[in-house]
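In the working numbering, the protein residues as written are 131 to 798.
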């Protein structure tokens with residue numbers, strides 16, 4: 131028997147295994163040096179167990195603490211945000227594992243492990259993450275069992291078996307709490323700063339930006355329509371409007387903020403006068419979007435959108451905006467009218483100035499070309515058609531265009547003539563403005579992959595840039611110059627068009643999208659995608675599902691009714707347990723140690739050795755040993771262990787006798 135304060139071998143094994151699993155779960159959110167230090171801590175702990183090294187002393191612990199805290203300050207600069215707080219907690223977890231010397235220290239490490247493991251839900255709520263989290267919790271629970279029981283016979287896997295049993299017993303209570311316990315959102319609904327990199331389409335566009343997104347197969351968002359999915363050619367997912375051109379980079383306008391509160395129409399509002407400038411015709415498209423975390427505010431929707439979810443606003447330039455950065459998956463509902471007219475009556479002087487702005491000293495050849503063609507064109511439409519004809523006849527659509535210099539539009543139009551969507555959109559708007567036609571760049575996504583289950587998958591390689599021009603008596607009209615160069619990009623499949631190019635999906639080498647041409651792999655990919663989508667809908671729809679269940683069970687939902695339901699359910703469970711324990715057939719007055727002796731008697735009786743009335747344990751086992759010499763040593767060992775536990779004051783552990791009995795059964 132090990133002393134009560136000492137950490138058992140089994141407990142240490144499961145504690146280290148749980149530590150590795152929990153740390154790996156956060157590997158993407160931790161500095162590399164923290165991961166390396168965690169590996170060192172595990173090795174050090176193993177060496178301490180072997181007796182090769184010693185537990186760090188006070189001064190070494192203080193030095194390690196100072197180094198870790200200093201490293202975190204250098205890494206993050208300020209300790210505000212999810213990643214710095216996670217790294218600080220993991221560092222404390224690691225140092226506590228390193229310094230623990232008593233069982234009470236190990237119990238504290240277990241509590242830290244539970245907390246650190248649970249933090250993964252703040253970063254990822256996918257089905258894979260939930261399964262991995264469940265596995266980590268099982269390992270931590272096994273460590274707790276191993277610490278509590280000590281080095282008992284039964285093998286290293288026994289703590290894990292007990293942990294699985296405990297988890298299964300807790301499932302009914304978990305289901306009750308899941309359905310009845312109100313979701314506390316006061317803390318986590320507060321936007322928490324994060325240092326995680328922003329992903330997807332950004333709020334600026336330079337030559338080469340969108341072609342970089344073509345290297346990634348990461349999911350951007352999923353869309354589920356109430357009816358059939360519209361044709362591919364109309365699926366323009368508007369995200370940003372870029373009106374400010376600095377000579378190379380397109381950005382959102384600086385003169386007036388389209389995100390200003392006075393220019394936002396939130397769901398449920400209809401008091402913005404500029405909303406009346408939209409003439410929506412025909413039947414709207416109703417659809418739901420589940421967007422991946424981007425750490426950005428903007429959302430994506432088809433023209434012209436109206437939000438149908440709380441926390442979503444329509445901006446003055448007719449796009450959608452969230453009330454806080456997207457740090458996790460989010461679902462929102464939208465209505466869109468593809469048949470529409472916008473601002474047909476004209477633009478204000480300020481608005482026209484913004485949409486005609488060009489920087490001085492850039493792209494002189496393009497300016498001369500635009501003025502020459504505009505003088506010869508009979509109308510704005512004629513000028514637009516001539517520009518589109520230029521793109522159609524001489525230009526190449528490619529994922530790897532050459533680099534451009536200071537006069538990027540000149541070099542693209544007159545020299546390289548190779549580009550991606552941002553090259554065509556940017557140069558088209560420059561030409562329009564040079565000809566006196568108000569125009570702007572739109573950024574978002576185009577198209578998407580149709581899943582057999584009836585929803586749309588939009589990935590990063592679907593990122594796209596197109597344009598809007600303002601025409602007299604027509605208002606804002608969407609024009610996609612890329613459609614003149616590569617109509618198959620708009621009508622068909624991005625992968626079919628760009629799949630042969632070297633850089634396509636270069637940042638996603640392990641993505642199954644790369645192997646969609648292989649039938650069984652593609653079917654597996656789509657099945658996995660469907661599972662992930664329905665899991666995301668279930669997680670995001672938790673509040674609505676819980677409310678529906680509570681309404682059916684309780685009628686009108688109130689705090690008192692929920693409290694009564696919780697107390698009643700808990701009381702009923704306790705009553706059932708008490709009744710089960712008090713049922714006469716379930717009650718047993720036999721000492722667990724005596725029960726093992728009874729099992730031995732039953733086993734020997736099957737071997738033809740029956741215990742005589744009044745025959746004691748030692749006498750019986752000695753007689754059985756004389757009849758079965760091959761079992762003599764095992765019977766003697768069983769007898770000594772039994773007497774030591776039953777009469778000698780040794781702590782009763784029926785598992786020890788159970789092991790010896792199992793050995794006797796194998797010896798038959």
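Where a beta carbon is used, it is the ideal one built from N, C-alpha and C, also for glycine.
Please check the pair residue 433 and residue 368, which I expect to be a contact at CB under 8 Å, by giving their CB distance rounded to whole angstroms.
Numbered from 1 along the chain shown, position 303 holds the residue referred to as residue 433. Numbered from 1 along the chain shown, position 238 holds the residue referred to as residue 368. The C-beta distance from residue 433 to residue 368 rounds to 6 Å, short enough to fall under 8 Å.
Give a yes or no on whether the minimum CB-CB distance between residue 425 and chain D is below 9 Å.
Here there is only one protein chain, and chain D is not present.
Using the Cα positions of residue 650 and residue 581, report the straight-line distance between them to the nearest angstrom.
Residue 650 sits at position 520 when you count from the first residue of the chain shown. Residue 581 sits at position 451 when you count from the first residue of the chain shown. Pairing residue 650 with residue 581, the inter-Cα distance amounts to about 15 Å.
So, are the CB atoms of residue 488 and residue 375 less than 9 Å apart?
If you number the chain shown from 1, residue 488 lands on position 358. If you number the chain shown from 1, residue 375 lands on position 245. Residue 375 sits close to residue 488, with the two beta carbons spaced by under 9 Å.
Assuming residue 366 contacts residue 574 under a Cβ cut-off of 8 Å, what Cβ separation, rounded to an integer in Å, is found between them?
Residue 366 sits at position 236 when you count from the first residue of the chain shown. Residue 574 sits at position 444 when you count from the first residue of the chain shown. Between residue 574 and residue 366 the Cβ distance is about 7 Å, and since that is below 8 Å, they are a contact.
Taking the alpha-carbon positions, what's the residue 278 to residue 775 distance?
The residue labelled residue 278 in the question sits at position 148 within the chain shown. The residue labelled residue 775 in the question sits at position 645 within the chain shown. Taking C-alpha positions only, residue 278 is separated from residue 775 by approximately 20 Å.
Straight-line gap, residue 460 to residue 796 (C-alpha atoms, nearest Å)
Counting from 1 along the chain shown, the entry for residue 460 is found at position 330. Counting from 1 along the chain shown, the entry for residue 796 is found at position 666. Distance between residue 460 and residue 796, taken at the CA atoms: about 59 Å.
Who are the Cβ neighbours of residue 803 in its own chain at under 6 Å, not counting the five residues just before and after it?
Residue 803 is absent from the model: the chain starts at 131 and stops at 798.
N- and C-terminal bounds of the alpha helix (DSSP H) containing residue 510
The residue labelled residue 510 in the question sits at position 380 within the chain shown. For residue 510, the uninterrupted alpha helix (DSSP H) segment begins and ends at 510 to 524.
Here's the rule I'm using: 16 or more other beta-carbon atoms within 10 Å means buried, otherwise exposed. How should residue 759 be labelled?
What you label residue 759 is simply residue 629 of the chain shown in a count that begins at 1. Per the 10 Å Cβ criterion, exposed.
On the premise that residue 561 lies in contact with residue 599, defined as a C-beta separation below 8 Å, what is that separation, rounded to the nearest angstrom?
Against the chain shown, residue 599 aligns to sequence position 469. Against the chain shown, residue 561 aligns to sequence position 431. In fact, because the Cβ distance is near 10 Å, the residues do not count as touching under 8 Å.
Counting pairs of beta carbons, one from the region 185 to 195 and one from the region 226 to 233, are three or more of them closer than 8 Å?
At 8 Å Cβ cutoff, the stretches touch.
Assuming residue 423 contacts residue 464 under a Cβ cut-off of 8 Å, what Cβ separation, rounded to an integer in Å, is found between them?
Taking the chain shown and counting its residues from 1, the one referred to as residue 423 is at position 293. Taking the chain shown and counting its residues from 1, the one referred to as residue 464 is at position 334. That belief does not hold up - the Cβ atoms of residue 423 and residue 464 are roughly 19 Å apart, past 8 Å.
Which whole runs of the alpha helix (DSSP H) in the region 148 to 220 are 4 residues long or more, in chain order?
Listed in chain order, the complete alpha helix (DSSP H) runs (minimum 4 residues) inside the region 148 to 220 are 162 to 180, 188 to 206.
Which of helix, strand or coil DSSP assigns to residue 389
By one-based count along the chain shown, residue 389 stands at place 259. Residue placement at residue 389 cannot be trusted, given a pLDDT of 46 that sits under 50; the coordinates are not used to answer.
For residue 137, is the classification buried or exposed, using 16 other Cβ atoms within 10 angstroms of its Cβ as the cut-off for buried?
For the purposes of this step, residue 137 is identified with residue 7 of the chain shown, where counting begins at 1. Flag for residue 137 reads buried.
Per DSSP, what kind of secondary structure is residue 645 in: helix, strand or coil?
Translated into positions along the chain shown, residue 645 becomes position 515. Note: residue 645 maps to helix in three-state DSSP.
Assigned secondary structure, residue 721 (DSSP; H/G/I helix, E/B strand, else coil):
Stepping through the chain shown from its first residue, residue 721 is reached at position 591. In the structure shown, residue 721 sits in coil (DSSP, three-state: anything other than H, G, I, E or B).
Integer-rounded CB distance, given that residue 530 should sit under 8 Å from residue 336
Start at 1 with the first residue of the chain shown, and residue 336 comes out as number 206. Start at 1 with the first residue of the chain shown, and residue 530 comes out as number 400. The Cβ separation is near 16 Å, so there is no contact.
For residue 698, which option in 303, 397, 767, 771 has the closest C-alpha, if you only look at C-alpha atoms?
Sequence index remark: in the chain shown, residue 698 carries index 568 (1-based). For residue 698, the closest C-alpha among the options 303, 397, 767, 771 is that of 303.
Using CA coordinates, which residue listed in 245, 445, 624, 577 is at the minimum distance from residue 361?
For this step, residue 361 is matched to residue 231 along the chain shown. Nearest to residue 361 by alpha-carbon distance, out of 245, 445, 624, 577, is 577.
Residue 790 to residue 143 span [Cα, whole Å]
Position 660 of the chain shown, counted from the start, is the residue given in the question as residue 790. Position 13 of the chain shown, counted from the start, is the residue given in the question as residue 143. Each residue's alpha carbon lies about 25 Å from the other.
By Cβ distance below 8 Å, which residues in the same chain neighbour residue 511 in space, the five residues on each side in sequence not counted?
The residue you call residue 511 lines up with position 381 of the chain shown. 601, listed in sequence order.
Between residue 492 and the rest of its own chain, which residues show a CB-CB distance below 7 Å, the 5 nearest in sequence each way excluded?
Mapped onto the chain shown, residue 492 falls at position 362. The beta carbon of residue 492 lies closer than 7 Å to those of 377, 537 in the same chain, with the five residues before and after it left out.
Whole angstroms are fine: how far does the CA of residue 597 sit from the CA of residue 502?
For the purposes of this step, residue 502 is identified with residue 372 of the chain shown, where counting begins at 1. For the purposes of this step, residue 597 is identified with residue 467 of the chain shown, where counting begins at 1. Each residue's Cα considered, the two are about 22 Å apart.
Backbone CA spacing between residue 408 and residue 701 [nearest angstrom]:
Mapped onto the chain shown, residue 408 falls at position 278. Mapped onto the chain shown, residue 701 falls at position 571. Taking the straight line joining both Cα atoms gives about 59 Å.
Is residue 542 near residue 534, with beta carbons less than 9 Å apart?
For the purposes of this step, residue 542 is taken as residue 412 along the chain shown, with counting starting at 1. For the purposes of this step, residue 534 is taken as residue 404 along the chain shown, with counting starting at 1. A contact, by the Cβ cut-off of 9 Å.
Beta-bridge partners of residue 470, as assigned by DSSP:
Within the chain shown, numbered from 1, the residue matching residue 470 stands at position 340. Partner(s): 410.
Straight-line gap, residue 723 to residue 177 (C-alpha atoms, nearest Å)
For the purposes of this step, residue 723 is identified with residue 593 of the chain shown, where counting begins at 1. For the purposes of this step, residue 177 is identified with residue 47 of the chain shown, where counting begins at 1. Each residue's Cα considered, the two are about 38 Å apart.
Could you check whether residue 468 and residue 624 sit closer than 9 Å to each other, using their CB atoms as the reference points?
If you number the chain shown from 1, residue 624 lands on position 494. If you number the chain shown from 1, residue 468 lands on position 338. Cβ distance not < 9 Å, so residue 624 and residue 468 don't count as in contact.
Would you mind stating whether residue 274 and residue 223 have Cβ atoms separated by less than 9 Å?
Position 144 of the chain shown, counted from the first residue, corresponds to residue 274. Position 93 of the chain shown, counted from the first residue, corresponds to residue 223. Against a cut-off of 9 Å, the Cβ pair of residue 223 and residue 274 comes out as no contact.
Starting from residue 335, follow its DSSP beta bridges and name the residues at the other end.
Residue 335 sits at position 205 when you count from the first residue of the chain shown. Residue 335 has 380 as its beta-bridge partners, per DSSP.
Across the region 186 to 201 and the region 283 to 296, are there enough close Cβ pairs to call them in contact, namely three or more that are closer than 8 Å?
Taking 8 Å as the limit for Cβ pairs, the verdict is that the region 283 to 296 does not touch the region 186 to 201.
Among 737, 175, 654, 167, which one has its Cα closest to the Cα of residue 199?
Taking the chain shown and counting its residues from 1, the one referred to as residue 199 is at position 69. Of the candidates 737, 175, 654, 167, the residue whose Cα lies closest to the Cα of residue 199 is 167.
Counting along the chain, where does the beta strand (DSSP E) carrying residue 758 start and finish?
Residue 758 sits at position 628 when you count from the first residue of the chain shown. From DSSP, residue 758 is part of no beta strand (DSSP E); its letter is neither H nor E.
Under three-state DSSP, which class holds residue 280?
Position 150 of the chain shown, counted from the start, is the residue given in the question as residue 280. Reduced to three states, the DSSP call for residue 280 is coil.
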